[in-house]
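Okay, structure first, notes after.
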Amino acid sequence: MQCEIGVYGLGVMGAGIAKNMLVHGFKTAVYSVSQEERKRFETDGYVETCKVCGTEEELIQSLARPRKIFLMITAGGPVDAVLSSLVPALEPGDVIFDGGNSYYKDTDIRCHALEEKGIRYVGCGISGGRLGALYGPSIMPGGSYEGYRAGEKILTAIAAKADGKPCCAYVGQGGSGHYVKMVHNGIEYSILELIAEAYMLMRSGLSMTHEDVLAVFKGWQRTRLESYLIDISVQVMEQYEEDGVPLIDRILDVAEQKGTGKWTLCEAIERGVYTPGIYESVLARSFSAKKEERLAGAAILNASARKMELNQAEETLGDALLLAIALSYSQGMELIRKASDDNGWEINLATLADLWKAGCIIRSSLLGDIKEAAMETAAPLILSEAFESLRKLEPSLRNVVVKAEAAGLAPTGLAAALHYYDYYRMKDMPVRFVQALRDCFGAHTYMRKDKEGHFHTDWQTIGK
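Just so we're aligned: 369 in my numbering is position 19 of the sequence shown, and the numbers increase by one with no gaps anywhere.
Okay, here's the thing in structure tokens:
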């Protein structure tokens, strides 16, 4: 049987993608270096329409030309190792899709290296987790456009659908697809932190019961806050232990991370894009690992939190959360815009908003506003007319942050969103004093408001 596409890697995501392809009628060959994964796939009932291969050679031989191979393996070294064994057996015109969380610079290098051999390489950002892979993920392909077109029929078929359209479209050249997925994950980090802080403020600051907080989240499902992450927040809070205790109350407050948030943060610093929400969310996870130090600090620094006073708490906190989440999208989109300009990728931000409307982790009713803002302006989305109704929520965000800080609750993500808002609001920043000090101790010079050029002052002689 000559297959239309091959899937290399049958972990949770790889198996889901392969089954998705099979359900949509595509003849699919699959392979994994793990015999256990191959056997598990064989027992899932797809053997009549799928070829389970025992070797890489068998996988390659089972594919119709031009061959299309979808890699669903661990990013980094494993991808290079597989490419080193696969590529010599391939022919010009064959296509490799990398569906893992590869670092975009690695993808860029692979695109150029394989292009010289006539192999088309497509870095596919994929979001949606286990269920998304199986039932329809958001797919962000970048790299070889010819390679994308060769697999477009399959990719758009297995992708999630929103407004009748597939959440899959070509992003741009080189590593752009994986770059977009990386920043998507950075936005995800930020939103997760914001939701967790909203929960914490209700439980610790407002002394609300678990059931009352659950009711608030259920109410938010019927507002502009409606999103996948709010939906699964309700699912999490509805999970109880056998003794009736909410499971969330017994989960250790230590959060892990896989690295894409750090990558996004480093990119923002390198490109000079202000993304405080992503910064605080990454650092919060890192600091959470210091559990013993935090326990010691709680004993020394008096951990008994003061009660948080907040009028119309549910509405005010909901408005604050809504604006903060919208600003998370704004930060991420601004970083993507800067990278696109720097690399000549010509990424369409409005298209990205469409790609994220279904299937992915950060899907949200807010993405309609995000798309409208992206279509309207080349400036940061926070400044667009589409954000006008969201900007009106600033008093709620400020009120929540001030009251939470006064209660000693450290709402770092919400505060970061407010700082992002305020930085864009400031006509004059305090860094002019920084520049004067730099010139004083290091003769680094400064610019003036009233004259062009760079200036230096001999600060030691002034006043003598």
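We put the beta carbon where it would ideally sit given N, CA and C, even for glycine.
C-beta contact flag for residue i and residue j at 8 Å
{"i": "G449", "j": "I367", "result": "yes"}
{"i": "A663", "j": "L544", "result": "no"}
{"i": "Y485", "j": "P491", "result": "no"}
{"i": "G479", "j": "I711", "result": "yes"}
{"i": "L440", "j": "V432", "result": "no"}
{"i": "K401", "j": "C353", "result": "yes"}
{"i": "I410", "j": "F376", "result": "no"}
{"i": "G524", "j": "N693", "result": "yes"}
{"i": "P626", "j": "A500", "result": "no"}
{"i": "V429", "j": "I469", "result": "no"}
{"i": "G758", "j": "R656", "result": "yes"}
{"i": "A674", "j": "A736", "result": "no"}
{"i": "A634", "j": "V604", "result": "no"}
{"i": "S746", "j": "A670", "result": "yes"}
{"i": "S452", "j": "Y471", "result": "no"}
{"i": "A703", "j": "K688", "result": "no"}
{"i": "L615", "j": "V632", "result": "yes"}
{"i": "I686", "j": "V566", "result": "no"}
{"i": "L542", "j": "L579", "result": "yes"}
{"i": "E684", "j": "V781", "result": "no"}
Opposing strand residues paired with residue i [DSSP bridges]
{"i": "C353", "result": "L413"}
{"i": "G492", "result": "G473, G522"}
{"i": "A512", "result": "K515"}
{"i": "A703", "result": "Partner(s): none; A703 has no beta bridge."}
{"i": "Y679", "result": "BP columns for Y679 are empty, so no partner."}
{"i": "S714", "result": "S577"}
{"i": "P596", "result": "Y590"}
{"i": "F805", "result": "Y796"}
{"i": "V380", "result": "V357, V402"}
Residues near residue i by beta carbon distance below 8 Å, same chain, minus five either side
{"i": "V563", "result": "Y549, M552, R553, M587"}
{"i": "K612", "result": "V632"}
Supposed close pair residue i, residue j - CB separation, criterion 8 Å
{"i": "I294", "j": "P487", "result": "What the structure shows of the chain is the stretch from 351 to 814, and residue 294 is not part of that stretch, so it cannot be assessed."}
{"i": "L733", "j": "Y774", "result": "7 Å"}
{"i": "Y454", "j": "Y529", "result": "4 Å"}
{"i": "G682", "j": "G536", "result": "6 Å"}
{"i": "G527", "j": "C474", "result": "6 Å"}
{"i": "M351", "j": "S412", "result": "7 Å"}
{"i": "Y679", "j": "L716", "result": "7 Å"}
{"i": "G359", "j": "A509", "result": "Wrong, their Cβ atoms sit about 19 Å apart, outside the cutoff."}
{"i": "S577", "j": "R713", "result": "6 Å"}
{"i": "L743", "j": "L672", "result": "6 Å"}
Sequence-distant residues of its chain with Cβ nearer than 7 Å to residue i (five each side left out)
{"i": "G668", "result": "W570, T573, L575"}
{"i": "K753", "result": "M658, E659, L660"}
{"i": "T795", "result": "D789, H804, F805, H806"}
{"i": "A365", "result": "F391"}
{"i": "D581", "result": "Q571"}
{"i": "K641", "result": "V604"}
Spatial neighbours of residue i in its chain, beta-carbon cut-off 6 Å, leaving aside the 5 residues before and after
{"i": "E547", "result": "P761, G763, L764"}
{"i": "W809", "result": "C790"}
{"i": "T307", "result": "Residue 307 is absent from the model: the chain starts at 351 and stops at 814."}
{"i": "A512", "result": "K707, A708"}
Inset, instruction - Kindly provide the ranges of any beta strand (DSSP E) runs that are 3 or more residues long and lie completely inside the segment 397 to 459, ordered along the chain. - result: 400 to 402, 418 to 421, 445 to 448
Inset, instruction - Kindly provide the ranges of any alpha helix (DSSP H) runs that are 4 or more residues long and lie completely inside the segment 550 to 577, ordered along the chain. - result: 560 to 570
Legend entry - Runs of alpha helix (DSSP H) wholly within the segment 733 to 797 (minimum 4 residues, chain order): 738 to 741, 744 to 756, 762 to 775, 781 to 792
Legend entry - Any alpha helix (DSSP H) of 4 or more consecutive residues that is wholly inside the segment 602 to 668: 610 to 621, 626 to 638, 641 to 650
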